[in-house]
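My numbering applies: residue -17 is where the sequence shown begins, and numbers increase by one.
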Amino acid sequence: MIKERIELNKILLLNIFMLLFIACEKKINKQNTYSVLDTSKVKKTEPLLSKINYLEKIQNKSFVISCGSGCAMTYTAEQIIKEKSSIKVKFKVEMYINEVLSDTYEENYLFIYDTFNGINKILFENTKRDALETLPTGAQKSFRDFSKELINYLGVNNGNIQENKYIIGKNLVKIGLPFSFYQYFKDDYSSIKYPTYEPTSNLIEFLKNENYEGESYKSFVIRCDDEYLYLITSISRGDSEYFLLITSDKSKIIDFKEIGSIGGDDPITFKVLPNFTLEMYNGNEDGAIPFKKFKITTAGKIVP
């Protein structure tokens, strides 16, 4: 009888031990399973969250342009399609007259960038008219600002941006031609109409080697494409300012020429025409007759 009780107690103890072991193993497995699933979940959701944040930064972004007295239009990016060498944006346009919504419609624009990821054209899809040529200056600036944010978030050419050796900036904005110093002066040196860029150390070193060391430098872009970069670079020294026309390709400076100087008794000014012909003038007057002319060849050389 005692022997049977001992055997029974052994069996009960063994069963209790087995139950505790199984419960413990389940708990451990549950903890381990949770850890694995949690890590996997993080790994899977991080790129998704990143992608959502990435799109939200630019999609549904709005800007406002004036369309006359008491009239304003709000442009909101609703759809963005990245193509091979451009980005198509569908905008919802809301027109307000005296702060009251009067009309809502859609407009599609093609944002076309150059090799340096600077905005080249912004074409209205229906008419192919370039917003950078047809819209008022304030509206142009709004579209240019949007184009910079667009390329910063999405990029073109799979994000492989050409390295610019001579000026600092990726989203280069070209100055419309003709570009004359007289009009630049008349426009009170507007930084909106005439954006400038800081030269790189490569360009500054080149200028110093050519005896054009200055206290400050700035460059205007007049051409920027797959082949060439043409700049008008200003060098300030004391009360004087000198202007150089510089042509370059992707790897080297091709040619340069001093085209203007101001600050002295006999200022020399200039005008660059759409065909890259350059005229130089004595003084700064409208309608002056050029005393010297140059042109930029298809190879980037500056010749008489």
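Every residue gets a Cβ at the ideal spot worked out from N, C-alpha and C, and that includes glycine. None of these values were measured; they are calculated from a predicted model.
task = Compute the distance between the beta-carbons of N90 and E107, then report whether it is under 9 Å.
result = yes
message = Give me, in chain order, the residues of the same chain whose beta-carbon lies closer than 7 Å to that of G52; leave out the 5 immediate sequence neighbours on both sides.
response = I79, N80
Y95 versus M262 - alpha carbon distance = 32 Å
request  = Can you tell me which of Y166, K147, N266 puts its alpha carbon nearest to the alpha carbon of S228?
outcome  = A quick correction: the sequence has Ile, not Ser, at residue 228. The candidate whose alpha carbon is nearest that of I228 is K147.
ask   = Can you name the start and end residues of the alpha helix (DSSP H) that N184 belongs to?
value = 183 to 191
key: Reduced DSSP category for R219 - H, G, I as helix; E, B as strand; rest coil   = strand
ask   = With 16 as the cutoff for other CB atoms within 10 Å, does P118 come out buried or exposed?
value = exposed
task = Reducing DSSP to helix, strand and coil, say where D127 ends up.
result = helix
ask   = Under the three-state reduction of DSSP, which class applies to Y263: helix, strand or coil?
value = strand
query = Quick one: what's got a C-beta closer than 7 Å to S124's C-beta in the same chain, skipping five residues either side?
reply = F45, I47
query = In or out: P160 buried (at least 16 other Cβ within 10 Å) or exposed?
reply = exposed
query = Which two residues bound the contiguous alpha helix (DSSP H) that contains E76?
reply = That residue, E76, is in no alpha helix (DSSP H); its beta strand (DSSP E) goes 68 to 79.
request  = Evaluate N257 with the Cβ neighbour count: other Cβ atoms within 10 Å of its Cβ, from every protein chain shown; 16 or more gives buried, anything less gives exposed.
outcome  = exposed
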